[in-house]
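Enquirer:
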Amino acid sequence: MARLFPRRSSLGAAIAAAVSLGAIGFAGISFGAVVVGETRRIDLAPKAATGVDAMKAQYKRPTTIPFPKENPYTPEKAALGKKLYFDTRLSVSMAQSCASCHSPGFGWGDGLAVGVGHGMAKLGRHSPTIVNAAWGEIFMWDGRLATLEEQALGPIQAAGEMNMPLEQLMSRLTSIPEYKPLFATAFPGEGMNVKTLAKAIATYERTVVSERAPFDAWIEGDEKAISEDAKRGFVVFNGKAMCSACHEGWNFTNDGFQDIGLPSADIGRGEFVPGVVKMQHAFKTPGLREIARRSPYMHDGSLATLEAVVDHYDHGGVDRPSRSDLMKPLGLTAQEKSDLVTFMKTLTSNLSPTAVPVLPR
Amino acid sequence: MRTTILFSFVILSGLSVGALAANQVIHQQGRVFSSESVTIKKGGALTFVNDDSIPHNIMSATKGSEFNLGSQAPGTSTDVTFKEAGNVQVICAIHPRMKMTVNVTD
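As you go down the protein sequences, you meet chains U and H in turn. Counting from 14, one number per residue, gives the positions in the first sequence under the numbering used here. Counting from 520, one number per residue, gives the positions in the second sequence under the numbering used here.
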């Protein structure tokens with residue numbers, strides 16, 4: 014019996030020690046109803062090296078455009094949306110349309126470092142392309158809008174952009190006789206209102222899809238479609254440079270938010286997720302289709318050329334707590350950098366001209 | 520003292536293995552949660568394993584059940600215990616396509 018006491022004492026102490034050790038991991042990061050435990054290392058099975066064919070399989074173009082079930086495609090809706098998209102009367106000044114900043118002439122951007130809004134005042138960020146918006150998961154550089162329908166109304170109302178109150182816009186559109194029948198045909202029983210306006214513009218935007226580029230022909234088996242330099246660049250893109258960790262899939266984006274270390278005071282996504290360190294200075298990863306027509310680059314338009322973009326990634330950018338863990342000096346050779354740029358240029362198609370529509374009067 | 524430490528180790532290991540065995544595991548390979556929706560009992564835990572090739576940032580902004588794992592490196596695993604009943608929306612802050620619901624029942 015006497016010999017048991019020490020054992021029981023040891024057991025009691027052990028339990029106390031175990032509980033207290035366990036509590037250390039929990040105490041600092043508990044948030045009320047949810048308790049976060051300590052993070053452990055685990056062994057992952059080593060992944061087999063990915064061959065070029067396996068890489069290429071991830072980049073096949075889709076065959077259809079996804080339209081949401083709440084706003085399915087009809088040609089009447091898309092045709093009305095196109096007129097609205099190119100109509101400068103959607104801005105209070107009657108001088109700007111959606112196409113002013115998202116122009117087919119510049120890969121559906123504006124070719125400027127940052128956009129120009131109401132009164133020709135410069136905006137804070139680069140105008141993003143609308144190419145392949147149909148596949149977007151979340152919208153705007155900072156992801157503040159959830160659908161393309163919401164996005165369509167955003168710049169129209171924004172004081173710094175088209176500065177047009179929606180009520181005033183609907184009143185103005187109602188005074189243009191030829192719009193009424195177009196809305197009636199596109200939206201039987203719904204007519205002309207803010208909701209149908211947004212649905213029409215979003216439907217048109219979803220039809221703006223990057224056309225087949227040399228890269229697509231190569232993916233589909235034409236070995237002569239792109240140069241050997243570009244093929245090496247594709248391997249660097251998916252390997253050493255790790256570009257495909259974010260610029261993945263046929264549209265070259267997973268719509269993720271990353272701080273890539275640009276020296277800008279803009280906190281981007283951080284405004285909407287203030288408590289998350291990695292979201293400070295984070296911006297949505299843009300797709301890379303039609304990229305050669307979309308300079309200058311980055312959310313602030315601060316890099317003029319693709320060469321400068323590659324140099325930025327090779328350097329790794331500003332090292333700060335929010336910077337993506339994927340950003341680090343890459344040690345790319347001059348040849349690898351050159352190959353990467355050559356590869357990215359194969360993502361640009363010979364975009365066919367877009368006819369400006371005749372607008373209702 | 521050595522015995523105490525040994526016992527502590529054995530108990531912690533036991534708890535840890537027990538927790539792993541009992542917890543449902545959520546994988547993140549290929550930038551996707553392995554389940555869109557899971558149901559667990561109040562007081563139960565999920566084990567979030569980053570078996571992907573890139574960091575993720577699992578969090579919830581559901582009122583009363585907010586949590587944030589921060590940047591979770593590939594090859595790491597974190598247990599999250601849910602103490603109150605209700606639906607908790609879990610997302611990856613980095614990758615907006617990653618979202619799931621945890622239904623915590625009484």
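For glycine and all other residues, C-beta sits at the position ideal for the given N, C-alpha and C.
At a Cβ threshold of 8 angstroms, is Thr4 (chain U) touching chain H?
Expert: Only positions 14 to 374 of chain U appear in the structure, and residue 4 (chain U) is not among them; the question remains open.
Enquirer: Cβ of Cys111 (chain U) within 8 angstroms of Cβ of Gly128 (chain U)?
Expert: Numbered from its first residue, the first sequence carries residue 111 (chain U) at position 98. Numbered from its first residue, the first sequence carries residue 128 (chain U) at position 115. Taking 8 angstroms as the Cβ cut-off, Cys111 (chain U) and Gly128 (chain U) do not qualify as a contacting pair.
Enquirer: So is the beta-carbon of Gly118 (chain U) under 7 angstroms away from any non-hydrogen atom of the ligand FMN?
Expert: The ligand FMN is not among the ligands present in this structure, which contains no ligands whatsoever.
Enquirer: Does the count of Cβ pairs from the stretch 85-96 of chain U and the stretch 208-217 of chain U closer than 8 angstroms reach three?
Expert: yes
Enquirer: Would you kindly work out how many angstroms separate the C-alpha atoms of Ser365 (chain U) and Ala238 (chain U), rounded to a whole number?
Expert: On the first sequence, position 352 is the one that residue 365 (chain U) refers to. On the first sequence, position 225 is the one that residue 238 (chain U) refers to. If I take the Cα positions, the gap works out to 19 angstroms.
Enquirer: Need the endpoints of the alpha helix (DSSP H) that Ala564 (chain H) sits in, please.
Expert: Here residue 564 (chain H) refers to the residue found at position 45 when the second sequence is read from its first residue. No alpha helix (DSSP H) holds Ala564 (chain H); the beta strand (DSSP E) holding it covers Ala564 to Asn569.
Enquirer: For Lys602 (chain H), which residues in the same chain have their Cβ closer than 7 angstroms to its Cβ, ignoring the five residues on either side in sequence?
Expert: In the second sequence, counting from the first residue as 1, residue 602 (chain H) sits at position 83. Answer for Lys602 (chain H): Lys561 and Gly562, listed in chain order.
Enquirer: Kindly indicate if chain U contains any beta-carbon less than 8 angstroms away from that of Glu603 (chain H).
Expert: Position 84 of the second sequence, counted from the start, is the residue given in the question as residue 603 (chain H). Chain U, which has a Cβ nearer than 8 angstroms to the Cβ of Glu603 (chain H), makes this yes.
Enquirer: Does DSSP classify Ile55 (chain U) as helix, strand or coil?
Expert: The residue labelled residue 55 (chain U) in the question sits at position 42 within the first sequence. Ile55 (chain U): coil per DSSP, three-state reduction.
Enquirer: Under 8 angstroms between beta-carbons, which chain U residues line up against Ser579 (chain H)? List them in chain order, please.
Expert: Start at 1 with the first residue of the second sequence, and residue 579 (chain H) comes out as number 60. Going along chain U in sequence order, the residues near Ser579 (chain H) (Cβ under 8 angstroms) are Val47.
Enquirer: Anyone know if the C-beta pair for Glu303 (chain U) and Val144 (chain U) falls short of 8 angstroms?
Expert: As a working mapping, residue 303 (chain U) is identified with position 290 in the first sequence. As a working mapping, residue 144 (chain U) is identified with position 131 in the first sequence. Yes, the pair counts as a contact, with Cβ atoms nearer than the cut-off.
Enquirer: According to DSSP, is Lys135 (chain U) helix, strand or coil?
Expert: Stepping through the first sequence from its first residue, residue 135 (chain U) is reached at position 122. DSSP places Lys135 (chain U) in strand when its eight states are reduced to three.
Enquirer: DSSP three-state label for Tyr217 (chain U), please.
Expert: As a first step, residue 217 (chain U) must be located in the first sequence, where it is residue number 204. Three-state DSSP puts Tyr217 (chain U) in a helix.
Enquirer: Which residues in chain U have a C-beta closer than 9 angstroms to the C-beta of Asp570 (chain H)? List them in chain order.
Expert: What you label residue 570 (chain H) is simply residue 51 of the second sequence in a count that begins at 1. Those are Ile55, Leu57 and Ala58, listed as they occur along chain U.
Enquirer: According to a CB-to-CB cut-off of less than 9 angstroms, which residues of the stretch 267-280 of chain U neighbour chain H?
Expert: Asn267, Asp268, Gly269, Phe270 and Gln271
Enquirer: Please report the straight-line C-alpha distance between Asp268 (chain U) and Pro117 (chain U), rounded to a whole angstrom.
Expert: On the first sequence, position 255 is the one that residue 268 (chain U) refers to. On the first sequence, position 104 is the one that residue 117 (chain U) refers to. Distance between the alpha carbons of Asp268 (chain U) and Pro117 (chain U): 22 angstroms.
Enquirer: Compute the Euclidean distance between the alpha carbons of Arg102 (chain U) and Tyr326 (chain U), then round it to the nearest angstrom.
Expert: Reading the first sequence from its first residue, position 89 is the one you call residue 102 (chain U). Reading the first sequence from its first residue, position 313 is the one you call residue 326 (chain U). Answer to the nearest angstrom: the Cα atoms are 41 angstroms apart.
Enquirer: Kindly list the residues whose CB is nearer than 8 angstroms to the CB of Ser43 (chain U), restricted to its own chain and excluding five residues on each side of it in sequence; keep chain order.
Expert: Here residue 43 (chain U) is taken as the residue at index 30 of the first sequence, counted from 1. With a pLDDT of 49 at Ser43 (chain U), under the threshold of 50, the modelled position of that residue is not reliable, and no figure is offered here.
Enquirer: Under 7 angstroms Cβ to Cβ from Thr474 (chain H), same chain only, skipping five residues before and after it: list those, please.
Expert: Shown here, chain H extends from 520 to 625; a query on residue 474 (chain H) therefore has no answer.
Enquirer: Measure the C-alpha to C-alpha separation of Gln548 (chain H) and Gln181 (chain U) and round it to an integer number of angstroms.
Expert: To locate residue 548 (chain H), count along the second sequence from 1; it is residue 29. To locate residue 181 (chain U), count along the first sequence from 1; it is residue 168. Cα to Cα, the separation comes out at about 49 angstroms.
Enquirer: Are the C-beta of Gly563 (chain H) and some C-beta of chain U separated by less than 8 angstroms?
Expert: If you number the second sequence from 1, residue 563 (chain H) lands on position 44. No, because no Cβ of chain U sits closer than 8 angstroms to the Cβ of Gly563 (chain H).
Enquirer: Counting only the same chain and skipping the five closest in sequence on each side, list residues whose C-beta sits under 8 angstroms from that of Leu34 (chain U).
Expert: If you number the first sequence from 1, residue 34 (chain U) lands on position 21. In this prediction, Leu34 (chain U) has a pLDDT of 30, which is less than 50 and means its spatial position is unreliable; what the coordinates show is noted afterwards. Answer for Leu34 (chain U): no residue qualifies.
Enquirer: With a threshold of 16 other CB atoms inside 10 Å of the CB of Val607 (chain H), please say whether the residue is buried or exposed.
Expert: Within the second sequence, numbered from 1, the residue matching residue 607 (chain H) stands at position 88. With 16 or more other Cβ atoms within 10 Å, it is buried.
Enquirer: If we ignore side chains and look at the alpha-carbon of each, how far apart do Asp56 (chain U) and Gly594 (chain H) end up?
Expert: Numbered from 1 along the first sequence, position 43 holds the residue referred to as residue 56 (chain U). Numbered from 1 along the second sequence, position 75 holds the residue referred to as residue 594 (chain H). So the two alpha carbons sit approximately 6 angstroms from each other.
Enquirer: Please state whether DSSP places Asn622 (chain H) in a helix, a strand or coil.
Expert: Position 103 of the second sequence, counted from the start, is the residue given in the question as residue 622 (chain H). The three-state secondary structure of Asn622 (chain H), taken from DSSP, is strand.
Enquirer: My output table needs one value for His614 (chain H): the three-state DSSP class, helix, strand or coil.
Expert: On the second sequence, position 95 is the one that residue 614 (chain H) refers to. In the structure shown, His614 (chain H) sits in coil (DSSP, three-state: anything other than H, G, I, E or B).
Enquirer: Any chance you could list the beta strand (DSSP E) runs of at least 3 consecutive residues sitting entirely within the stretch 274-359 of chain U, in chain order?
Expert: Whole beta strand (DSSP E) segments, 3+ residues: zero.
Enquirer: Along the chain, which unbroken stretches of the beta strand (DSSP E) at least 3 residues long are found entirely within the stretch 180-207 of chain U?
Expert: none
Enquirer: What residues from chain U crowd round Val599 (chain H), counting only those whose CB sits closer than 8 angstroms?
Expert: For the purposes of this step, residue 599 (chain H) is taken as the residue at position 80 of the second sequence. Listed along the chain, the chain U residues whose CB falls inside 8 angstroms of the CB of Val599 (chain H) are Val47, Val48, Val49 and Gly50.
Enquirer: Which of helix, strand or coil does DSSP assign to Ala36 (chain U)?
Expert: Numbered from its first residue, the first sequence carries residue 36 (chain U) at position 23. Its pLDDT being 28, under 50, Ala36 (chain U) is placed unreliably by the model, and nothing is read from it.
Enquirer: For Asp272 (chain U), does the three-state DSSP call read helix, strand or coil?
Expert: Counting from one through the first sequence, the residue named residue 272 (chain U) turns up at place 259. Asp272 (chain U) falls in the strand class under three-state DSSP.
Enquirer: Check distances from the C-beta atoms of the stretch 247-258 of chain U to those of chain H and list, in chain order, the residues that come in under 9 angstroms.
Expert: Met255 and Ala258
Enquirer: Grab me the residues of Gly283 (chain U)'s own chain with a C-beta within less than 6 angstroms of its C-beta, minus the 5 sequence neighbours each way, in chain order.
Expert: Within the first sequence, residue 283 (chain U) is the residue found at index 270, counting from 1. Cβ neighbours of Gly283 (chain U) beyond the five flanking positions: Met292 and Gln293.
Enquirer: If the cut is a Cβ gap below 8 angstroms, which residues of chain U does His546 (chain H) touch?
Expert: Within the second sequence, residue 546 (chain H) is the residue found at index 27, counting from 1. Contact of His546 (chain H) with chain U by beta-carbon distance below 8 angstroms is absent, the smallest such distance being about 11 angstroms.
Enquirer: Helix or strand or just coil, what does DSSP make of Asp598 (chain H)?
Expert: As a working mapping, residue 598 (chain H) is identified with position 79 in the second sequence. Of the three classes helix, strand and coil, the one that applies to Asp598 (chain H) here is strand, per DSSP.
Enquirer: Ser556 (chain H) by DSSP, collapsed to three states: which one?
Expert: As a working note, residue 556 (chain H) is residue 37 in the second sequence. For Ser556 (chain H), the three-state secondary structure derived from DSSP is strand.
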